[in-house]
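Working notes, structure below.
2 protein chains.
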Amino acid sequence: MITNMTARKILDKADIRPSVQRLAVMNYLIEHRNHPTVDDIFSSLSPSMPTLSKTTVYNTLRLLVDGGAAQMLTIQEHNSCFDADTTPHAHFLCKQCGRVFDMNFFDFKDRIPDEVEGHSIEETYQFFKGTCRYCKNKMNKQFKD
Amino acid sequence: MITNMTARKILDKADIRPSVQRLAVMNYLIEHRNHPTVDDIFSSLSPSMPTLSKTTVYNTLRLLVDGGAAQMLTIQEHNSCFDADTTPHAHFLCKQCGRVFDMNFFDFKDRIPDEVEGHSIEETYQFFKGTCRYCKNKMNKQFKD
DNA sequence: GTACGTGCAAAGAATTTGCAGATAA
DNA sequence: TTATCTGCAAATTCTTTGCACGTAC
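Chains as they are written, first to last, in the working numbering: chain X, 1253 to 1397; chain W, 1253 to 1397.
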């Protein structure tokens, strides 16, 4: 469940000192649930924070992930993307446009055990690939032309 | 189910012309089920094929993936790894040593629909992160010292 | 004033591209 | 011979690192 905590409260909870830059990145993640990449975040914030550097975005995201305030997704081949929603949910990658969408978690038939073949399971990911509804529409239109 | 098809047969089936390099890469994947990276493959084959280039390994892997003869996994942050087993199974990434292990697929309570929120699902991935049995052993030993 | 944060520039790593020579149908 | 394949070198992209300056307690 996504709470209404402000960026400030989330940083406090994660024990991250709330600099202007960190608040901006956290706030961006809260307001943009479309799984932005480092570049997305940097490009969007840069106009209003001209001195912001990509290094700081990288630093901040690492802090957020380490502090449990965000999730890093490595679904895409080339770059990581980030998600302020750290609750269990699934992800869908469109093979056409490369966008990542949230999906509800699909229940497993049985509970995932803490340990499998001696390995301790700490995190569970579900993800799917296919064609998103927008690209399907686009492709349909092309056929009609 | 993993079949006993030789590299040659798999390439034929995928309509990939069986050059020496392609057979070597395919065969490597068949014989090494530990999810090798491009570099693993290149470094291992290079001694016996001194003229082999990384470009060719990249080219070949792309052909194999496109032809359905191998799977590319983007679990790891920095590089992709490859798996000749294209049947449904889950993967486990050890956060300590970075190794990727196979796991049996966990059944979902319900069948995954072909379409969710308008998106067409074509591929389903399950993966887990945690500490593998080998790293757990190592950590236990350290505590005993 | 000391520790922490920021951002530039450079380095590093993974992957892709362009292209010329080699190989195979 | 003609299309395909290979592999070098260079380019590109993503990310990390080193370091000097700035900021905050």
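Just so it is clear, CB atoms sit at the ideal spot from N, CA and C, and this is done for glycine as well.
Apart from sequence neighbours up to five positions away, the residues of its chain that approach W:GLY1320 with a beta-carbon distance below 8 Å are ALA1266 and THR1338, ordered along the chain. Of all C-beta pairs linking the region 1341-1350 of chain W to the region 1336-1355 of chain X, fewer than three are shorter than 8 Å, placing the two stretches out of contact. Judged by DSSP secondary structure, W:LEU1325 falls within the beta strand (DSSP E) whose first and last residues are 1323-1325.
Residue state for W:LYS1381 is assigned as strand, using DSSP reduced to three classes.
Scanning the region 1295-1361 of chain X for uninterrupted alpha helix (DSSP H) segments of 4 residues or longer gives 1306-1318, listed from N- to C-terminal end. Residue state for X:GLU1367 is assigned as strand, using DSSP reduced to three classes.
The C-beta distance from W:ILE1327 to W:VAL1309 rounds to 20 Å, too long to meet the 8 Å contact threshold. Using a Cβ-Cβ cut-off of 8 Å, X:LYS1388 counts as an interface residue toward chain W, since at least one Cβ of chain W sits closer than that to its own.
In terms of Cβ geometry, X:PHE1357 and X:ALA1336 do not form a close pair [threshold 8 Å].
The criterion of a C-beta distance shorter than 8 Å is satisfied by X:LEU1297 and X:LEU1304. Within chain X, ILE1373, GLU1374, GLU1375, THR1376 and TYR1377 have C-beta atoms less than 9 Å from the C-beta of W:LYS1381, given in sequence order.
Between the alpha carbons of X:GLU1329 and X:GLU1375 lies a distance of about 20 Å.
Put simply, the CB of W:GLN1328 is near chain X, with a gap under 8 Å to one of its CB atoms. Against chain X, a Cβ distance below 7 Å from W:CYS1384 picks out HIS1371.
Within chain X, the residues placing a beta-carbon under 9 Å from that of W:ILE1364 are PHE1358 and PHE1380, ordered along the chain.
Here the alpha carbon of W:LEU1281 sits roughly 48 Å from the alpha carbon of X:MET1301. By the 16-neighbour rule on beta-carbons within 10 angstroms, W:PRO1365 is exposed. Non-local C-beta neighbours of X:MET1324 in its own chain, meaning closer than 7 Å and more than five positions away in sequence, comprise VAL1317, SER1332 and PHE1334, ordered along the chain.
Not a single C-beta of chain X is nearer than 8 Å to the C-beta of W:PHE1294. Residues of chain W whose Cβ lies closer than 9 Å to the Cβ of X:MET1391 do not exist, since the nearest Cβ in that chain is about 10 Å away. The three-state secondary structure of X:ILE1293, taken from DSSP, is helix. X:GLU1283 is not bridged by DSSP to any residue. Taken atom to atom, the span from the alpha-carbon of W:ILE1262 to that of W:LEU1275 is near 9 Å.
Per the DSSP secondary-structure output, X:THR1376 pairs in a beta bridge with W:PHE1380.
Beta-carbon to beta-carbon, X:LYS1361 and W:ASP1291 are separated by about 38 Å, too far to satisfy the 8 Å threshold. Spanning the alpha carbons of X:ASN1311 and W:SER1271 requires a straight line of approximately 45 Å.
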